[in-house]
Every structure is written in C-alpha cells, then in structure tokens.
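A.B. asks: Residue 110 in the working numbering is what sits at position 60 of the sequence shown, and the numbering runs on without skipping anything. Quick reminder that beta carbons are idealized off the backbone N, C-alpha and C, glycines included. Questions regarding the structure given below will be posed in turn.
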Amino acid sequence: MISRLRRHLGWKLFVSYLVVILVGTVVLASAAEFLVPSAFERHMAAMAVIMGNMAPEMELDLFTNFRNAVNEALALAALAAFLLAIVVSLFVSRRIVAPVREMMVASRRIADGHYDERVGVPGGSNQEELDELAQLAVSFNQMTSKLEQIESTRRELIGNVAHELRTPLATIKGSMEGLIDGVLPPEAPIFQQIYREADRLQRLVSDLQELSRVEAGAFELNLRPLRVRDLVEATVTHLGRQFEEKGVVLEIDLAADLPPVPADEDRIGQVLLNLVGNALQYTPAGGQVRVTACRRGTEVCISVSDNGVGIAAEHLPLIFTRFYRVDKSRARVGGGSGIGLTIARHLVEAQGGRIWAESPGPGQGSTLTFSLPLET
Ligand code: ADP
C-alpha cells in the first residue's frame, strides 16, 4: 500500500485531500466540543428570560440531543467531504497525472528510438492560456522534434559518408584486383588512377574533420582589421597558376574606398579560396572569373562571379547544404564532395556575415557572394 502510494501521483493527491479533510474535521469537532456548551448555556439563559427557567433534567436532555445533532451533522459533513475528495482527486488526476504519465510513456518510447513520438497539449492551442503542465508538454514536443531532426541528420550523414567512400574504394579495389590478377598492366596510368582515388579519400576525410569542427563551433576566431585587397591577392597567388593552366581569366575589381573589415584572416581566406576554386572548377576553358568587393551600408560584400555552368534556381538555396551537388557525375569527375560551401557558410556566419548564390540559370554563370559586418 505504502509503495503504491509512493509510486502513484494520483494516490498522493487523494491522500493529501484526505489529510486536509481530516484536519478540518478534527478542528471543527474540537471547536464544537469547546464552544457548544457555553453557547448553549448563553442561548438557554436568553430563553429563560422570555419563557422562564426549565427543569435541570430537561435542560440536560435538550443539551445532549443538541450535541448529538451537532456531531451527526459533523459526521455527515465529513462523509460528504470524503466522497467529494474522491471525485475531485479523480478529476485532478485526470488533469495532472494523465499528461505526466503520457510524457513518461512518450519519453520511454523516445529512448527506444521512436523519435516521432509527440504528446497532447492539455488546454488547447492558445499559447497565452497554457498552464505550466501544458507548457511542459509544448517544450517536450519541441525537444522531441529537435531530437528527430538530429537523428535524421545523423542518419543522412552516415549514408552520405558511406556513399562518398564507396566509389573511390571500389575503384581502388577494382584496380588492385586487376593488377593482382594480371588483367591490368602495372603501368603509370593505373597507379595514377589509384593515387587520385586515394587522394580523393584523403580530401574527403579532412573535409569531414573540418566540417565536424565548424558545425560544433570548435574553432577560435582571431578577428582583426583586414584589408580585402590583401585577402584577394593571397587567393590569386594561391590559384593563379591553376587559372593559367586551365585557360580561365581571373579578374579583380575592388572598390577603392573599402574600409578594413574585422575578420579572421585564415578563415575568410579559406572561404574566398573555396569560392574562387569552385568558380574555376565550374567554368570551362576560355571562361572568365571576376572577384569584386564593395561596401553596402554597414557591411562589405565580396562576390565571385563566373560565366561557367551556372546553377538552376531550384538548386540555389541547397548548395550550402552538406553533400549537395548540383551535378553529381560532374562533381565526381572534378572531385568535389559537396562539403566546401557548407564549411564556408558556417565560417561566414560565425563572423556575423551571410553567404548566398545567384545565377541566371544553367550555362549562364553564377555569382557567389558573402558579406562581413564592419562592426562586430
Ligand atoms: P564541391 O566540393 O562539390 O564543389 P561545394 O560545397 O563547394 O562542393 O559546392 C556544392 C555544389 O554547388 C557543387 O557541387 C556545385 O554543383 C555547386 N557550385 C558551387 N559553386 C559553383 C559555381 N561557381 N558554379 C556552378 N556550380 C557551383
């Protein structure tokens, strides 16, 4: 009985009502016990003035009957209160215990991996009128949808990583089998192909490491005033030869009055390198890439435009999502894993900026722009 009482909130509520009724009844009975005789005597004295004195036996008889009537009324009232306590505790249990129990069952199911579990919100949908219990149910549902989202991202990530690893590994394994069986000649092109795939795997792994670092916010920003011109020149130095080799023209057009921007040189350099590298990758020989920078209100915008393959409107908002590639077969040849822009978005947003893409459509080039606030 005691353990049942300990384990059930409904029983605890019921017993608390009983205790209140018991205390009330005891107080009422004691008060009646003390006050009834003197009150009775006072009223009898008042009656005696009008009707004359009553015989002492009759007065005692009257007093005994009166006291019995009071006790009977008290007993009936206590019984009614007891019955009422049962009704009220059943009602309160339904209002309080049922939602709590529902949350308990739901949390157990969530622990078992059923992340689609939700609980009903007692008291309707009007946010302003929700009591603490209803707010707890709302928070519980918010927590479960967040967990569901995290879980689906995790599954998707594992699926994507497995998918990305499969192709280079299959190529390496196929080539090695060919070499072992003597089907493929042990010549430079085969070794180069194996080397390229191993290199792809290595880049994927370091991209993933970097992605997990930036997504967890596990990096420090060393913000200091930065000249955009220095940043762009460093990128040109880095990629200039590759532009020449591919036959793509790289132009730079920076506004003359650009103020220094507070930014982390390495991180923003990494972003710009990624954008210019992508522009080079997605622009055919004979094409053109332009890096421009200008001040717009309280921020500086740096854009990288190309006249390459372009991006269809429906893909524009998605290219910043991890592993998203517009043209999977082209990216595979080019070696992109679809992580670069996700990392770039995290790095820019960590410095208070924004990054977005524009394109008139496939085959008409694209412009990727990021902004950095002048005040941090
Ligand atoms: P990747 O390593 O595949 O280039 P990113 O995250 O850098 O990954 O880019 C995601 C996708 O966005 C690319 O696969 C490509 O489809 C598209 N993309 C990025 N930059 C450009 C660009 N300048 N022109 C056309 N498509 C682009």
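#1: Between which two residues does the alpha helix (DSSP H) holding Q292 run?
#2: Report the start-end ranges of each alpha helix (DSSP H) in the region 296 to 359 that is 4 residues or longer and not cut off at the edges.
#3: Got a sec? Which residues, its chain only, sit under 7 Å from P310 by beta carbon, not counting five neighbours each side?
#4: Under a three-way DSSP split, which group does S225 fall into?
#5: Less than 8 Å between the CB atoms is what I'm expecting for L215 and R372, so what's the real figure, rounded?
#6: Return the CA-CA distance between V339 and N328, expressed in angstroms with no decimal places.
#7: List, from N- to C-terminal side, the alpha helix (DSSP H) runs of 4 residues or more that fit wholly inside the region 99 to 164.
#8: Can you tell me whether V38 is buried or exposed, with buried defined as 16 or more other CB within 10 angstroms of its CB?
#9: Under 6 Å Cβ to Cβ from E247, same chain only, skipping five residues before and after it: list those, please.
#10: Are there 16 or more other CB atoms within 10 angstroms of the CB of L300, so buried, or fewer, so exposed?
#11: Looking only at its own chain, which residues have a Cβ that is under 8 Å from the Cβ of I71, when we skip the five neighbours before and after it?
#12: Going by Cα to Cα distance, which pick from R279, H396, V73 is closest to C344?
#13: Can at least three beta-carbon pairs, one atom from the region 343 to 363 and one from the region 406 to 413, be found at a separation below 8 Å?
#14: With H, G and I counted as helix, E and B as strand and the rest as coil, what does DSSP make of A261?
#15: Can G319 and L281 be called in contact, C-beta distance under 7 Å?
#16: In the DSSP assignment, find the alpha helix (DSSP H) that holds I389 and state where it starts and stops.
#17: The ligand ADP heavy atoms versus the CB of G411: any closer than 6 Å?
#18: By Cβ distance below 8 Å, which residues in the same chain neighbour D316 in space, the five residues on each side in sequence not counted?
#19: Use the C-beta contact count for R204: other C-beta atoms within 10 angstroms, 16 or more gives buried, fewer gives exposed.
#20: Measuring CA to CA, which of G337, S80, A105 is closest to G413?
#21: If distances are taken between C-alpha atoms only, which option among D162, E294, I160, I146 comes closest to L59?
#22: May I ask you to report which of helix, strand or coil DSSP gives L234?
#23: Just to confirm my understanding: we take A156, look at its own chain, exclude 5 residues before and 5 after, and list those with CB closer than 6 Å. What are they?
C.D. replies: The structure says:
#1: 278 to 296 is the span of the alpha helix (DSSP H), which, as asked, contains Q292.
#2: Under the rule that a run must span 4 or more residues, the alpha helix (DSSP H) segments found entirely inside the region 296 to 359 read 315 to 331.
#3: Correct list, in chain order: P275, L276, R277.
#4: If DSSP states are grouped into helix, strand and coil, S225 belongs with the helices.
#5: With a Cβ gap of about 15 Å, L215 and R372 do not count as contacting.
#6: Straight-line spacing of the CA atoms in V339 and N328 works out to 10 Å.
#7: Runs of the alpha helix (DSSP H) spanning 4 or more residues and lying entirely within the region 99 to 164 occur at 106 to 142, 148 to 161, in chain order.
#8: Because the chain spans 51 through 426 in this model, residue 38 falls outside it and cannot be assessed.
#9: In the same chain as E247, and ignoring 5 residues on each side of it, the C-beta atoms closer than 6 Å to its own belong to P218, T221, I222, in chain order.
#10: Classification for L300: buried.
#11: In its chain, beyond the 5 residues on either side, A128, A131, F132, A135 have a beta carbon closer than 8 Å to the beta carbon of I71.
#12: Per the Cα distances, R279.
#13: The answer is yes - the region 406 to 413 touches the region 343 to 363, with three or more Cβ pairs under 8 Å.
#14: Here the sequence assigns Leu to residue 261, which means Ala is not the residue at that position. Helix.
#15: Yes, these two residues count as a Cβ contact at 7 Å.
#16: DSSP places I389 outside any alpha helix (DSSP H), giving it a letter other than H or E.
#17: Checking the Cβ of G411 against the ligand ADP gives no.
#18: Answer for D316: N272, listed in chain order.
#19: Label assigned to R204: exposed.
#20: With distances taken between Cα atoms, G413 lies closest to G337.
#21: With respect to the C-alpha of L59, the residue from D162, E294, I160, I146 having the closest C-alpha is I146.
#22: Three-state DSSP puts L234 in coil, outside helix and strand.
#23: Excluding positions up to five away in sequence, the list reads E167, V169.
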